[in-house]
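Have a look at the structure below before the remarks.
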Amino acid sequence: MLYVVGYLHLGGYIGNGESHVGWWSAALTQLVLGSFTFLSGFLIAGRPLRGGLGDVLGFYRRRLLRIYPLFLLSLAGFVALGLTYWVTAAKSALGLSMFWLSPPMTLWYVVMLLVCFVLAPLLLIGSWARTALTSVALLALMALWHTAVTPMDLRMATQFAAFASGVLFARGGWRTQVRSAAFYLATAAAVILQLSTARQDEAITAWTAVPAVCLVPILLLAGFDALAQPWMKSRWVRFLSHASFCAYLFHRIVYALLERAVQPHDALLHWLWLLGVGLPMVLAVSAFIQTAYDDLLQHGMPALSKFARS
């Protein structure tokens, strides 16, 4: 998330706001967000659902309570600062803005993630083959919705494919797949397809990026698997992991407030101001909010915390 918070979005406040963004950054952003979405699906699949109503409701309680209240708080901040309209915020709170345009900037990703969590039980119940067929069917329904009903934000389809891929590889034994030469060839072809079409319209790139966001995270997972244990002992890694979700939710709010307080006219000073003051403030505020929310669930609202774990 540091790439998004500390480079992609931070640079948007400097100069004309687009000088640091090129065709390559759009492709890289698809892969960065796709990797995070893939990992969400991968981790969710570690706890398969039996299929009963109570099991499914318990899944929704656990997942939504972790992110939904914080998401609503961020939406309220966006509306208060004029970063989005209240109608857009209302649609987003209901998880509808990816299907009825347009979602709010930045927070579109959280709306997408909420939709993935709502659909997740369909991917976690039953056999691996059923999960694969369900994933393809849901992508087909999104394409049909976009063409026959009303245009939707096709980033929903791209990221859902990554989420479903995470579930599938977790359930299918990903380490075995990574060892095959065919997997490496398929991944290389997927990246070439994504990069070769990166300058096209979003209606094209959203679909041509699907193979890459499904396969590249597997390589990253395999590469970091052996290195994860030493890294996880680092305080900085634990801190960034703890603060990352809230950093994504609230960094626009922090940047907007800083821009209204101080806005250096010199581009270099502006960049140094946001990088040296804004980014650390984002991380500090995000860590505080996440810690406060965790404490609220654990100590301030024990009944609700027990409800979330059930």
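If you want the working numbering, it's the 1-based position in the sequence shown plus 843. Note that CB positions come from ideal geometry on N, CA and C, so glycine has one too.
Subject >> Distance CB(Ala-1086)-CB(Ala-1130) smaller than 7 Å >> reply: A Cβ-Cβ contact shorter than 7 Å links Ala-1086 with Ala-1130.
Subject >> Spatial distance of Ser-1008 from Leu-1058 (CA atoms) >> reply: The straight-line gap from Cα to Cα measures roughly 8 Å.
Original post:
Whole-angstrom Cβ separation of Val-1056 and Phe-885, contact assumed at under 8 Å?
Top reply: About 13 Å separates the CB atoms of Val-1056 and Phe-885; that is not less than 8 Å, and the two are not in contact.
Original post:
Alpha carbon to alpha carbon, how far is Ser-945 from Tyr-952?
Top reply: Straight-line Cα distance between these residues: approximately 12 Å.
**OP:** Could you have a look at Leu-957 and say whether DSSP puts it in helix, strand or coil?
**Re:** Secondary structure of Leu-957 (DSSP, three-state): helix.
Subject >> Sequence-distant residues of its chain with Cβ nearer than 6 Å to Gln-1002 (five each side left out) >> reply: Result list for Gln-1002: Thr-880, Met-955, in chain order.
**OP:** Quick one: residues in its chain with C-beta nearer than 8 Å to the C-beta of Phe-921, no 5 flanking neighbours on either side, listed in chain order?
**Re:** The beta carbon of Phe-921 lies closer than 8 Å to those of Thr-927, Ala-932, Pro-947, Leu-950, Arg-1095, Ile-1096 in the same chain, with the five residues before and after it left out.
Original post:
So the alpha helix (DSSP H) Ile-1096 belongs to, where does it begin and stop?
Top reply: DSSP places Ile-1096 inside the alpha helix (DSSP H), whose first and last residues are 1078-1104.
Subject >> Euclidean distance between Cα positions of Gly-1015 and Trp-971 >> reply: Distance between the alpha carbons of Gly-1015 and Trp-971: 7 Å.
Subject >> Exposure label - Ile-1047; buried when at least 16 CB within 10 Å >> reply: With fewer than 16 neighbouring CB atoms inside 10 Å of its own CB, Ile-1047 falls in the exposed class.
Original post:
Which class does Gly-894 belong to by DSSP, given the choice of helix, strand or coil?
Top reply: If DSSP states are grouped into helix, strand and coil, Gly-894 belongs with coil.
Original post:
From Thr-1040, Leu-851, Tyr-1098, pick the residue whose C-alpha is nearest to that of Leu-924; which is it?
Top reply: Residue Tyr-1098 is the option with its Cα nearest to Leu-924.
Subject >> Closest Cα partner of Ala-980 within the set Leu-966, Val-992, Val-848 >> reply: Nearest in C-alpha terms to Ala-980, of all of Leu-966, Val-992, Val-848, is Leu-966.
Original post:
Relative to the C-alpha of Arg-1081, which residue among Met-999, Leu-1126, Gln-1043 is closest?
Top reply: The alpha carbon of Arg-1081 has as its nearest neighbour, out of Met-999, Leu-1126, Gln-1043, the alpha carbon of Leu-1126.
Original post:
Are the Cβ atoms of Leu-892 and Asp-898 separated by less than 7 Å?
Top reply: Contact: yes.
Original post:
Should Ala-1104 go down as buried or exposed, given a rule of 16 or more other Cβ atoms within 10 Å for buried?
Top reply: Residue environment for Ala-1104: exposed (fewer than 16 other C-beta atoms within 10 angstroms of its C-beta).
Original post:
Which same chain residues, not among the five before or five after Leu-1036, have their C-beta less than 8 Å away from its C-beta?
Top reply: Sequence-distant partners of Leu-1036 (beyond 5 residues in either direction) whose C-beta falls short of 8 Å from its own C-beta, in its chain, are Thr-1051, Pro-1054, Ala-1055.
Original post:
Taking buried to mean at least 16 other C-beta atoms within 10 Å of its own C-beta, is Phe-1067 buried or exposed?
Top reply: Exposed: under 16 other Cβ atoms inside 10 Å.
Subject >> Segment limits, alpha helix (DSSP H) that includes Trp-971 >> reply: In the DSSP assignment, Trp-971 falls within the alpha helix (DSSP H) that extends over 971-987.
Original post:
What residues in its chain sit with their C-beta under 6 Å from that of Met-985, if we drop five residues either side in the sequence?
Top reply: For Met-985, where only same-chain residues beyond five positions count, the Cβ hits under 6 Å are Ala-1000.
Original post:
Mind checking whether Gly-895 and Ile-968 have CB atoms under 7 Å apart?
Top reply: No, the Cβ-Cβ distance between Gly-895 and Ile-968 is not below 7 Å.
Subject >> Range covered by the alpha helix (DSSP H) that runs through Leu-940 >> reply: Residue identity differs from the one stated: residue 940 is Ser in this sequence, not Leu. It is not in any alpha helix (DSSP H) - Ser-940 carries neither H nor E in the DSSP assignment.
**OP:** Starting from the Cα of Ala-1004, find the closest Cα among Leu-874, Ser-868, Asp-1138 and give me that residue.
**Re:** Comparing Cα positions, the closest option is Leu-874.
**OP:** Alpha carbon to alpha carbon, how far is Ala-1049 from Ser-1088? Give it in angstroms, no decimals.
**Re:** With the sequence shown as reference, residue 1088 is identified as Phe, and Ser is not the correct amino acid for it. Their Cα atoms are separated by approximately 24 Å.
Subject >> Segment limits, alpha helix (DSSP H) that includes Val-875 >> reply: Looking at the DSSP string, the run of the alpha helix (DSSP H) that includes Val-875 is 866-887.
Original post:
Considering only residues of the same chain and omitting the five flanking positions on each side of Gly-938, which have a CB-CB separation below 8 Å?
Top reply: Val-954, Leu-957, Val-958, Val-961, listed in sequence order.
Subject >> Inter-residue Cα distance where the pair is His-1108 and Ser-868 >> reply: One C-alpha to the other measures close to 26 Å.
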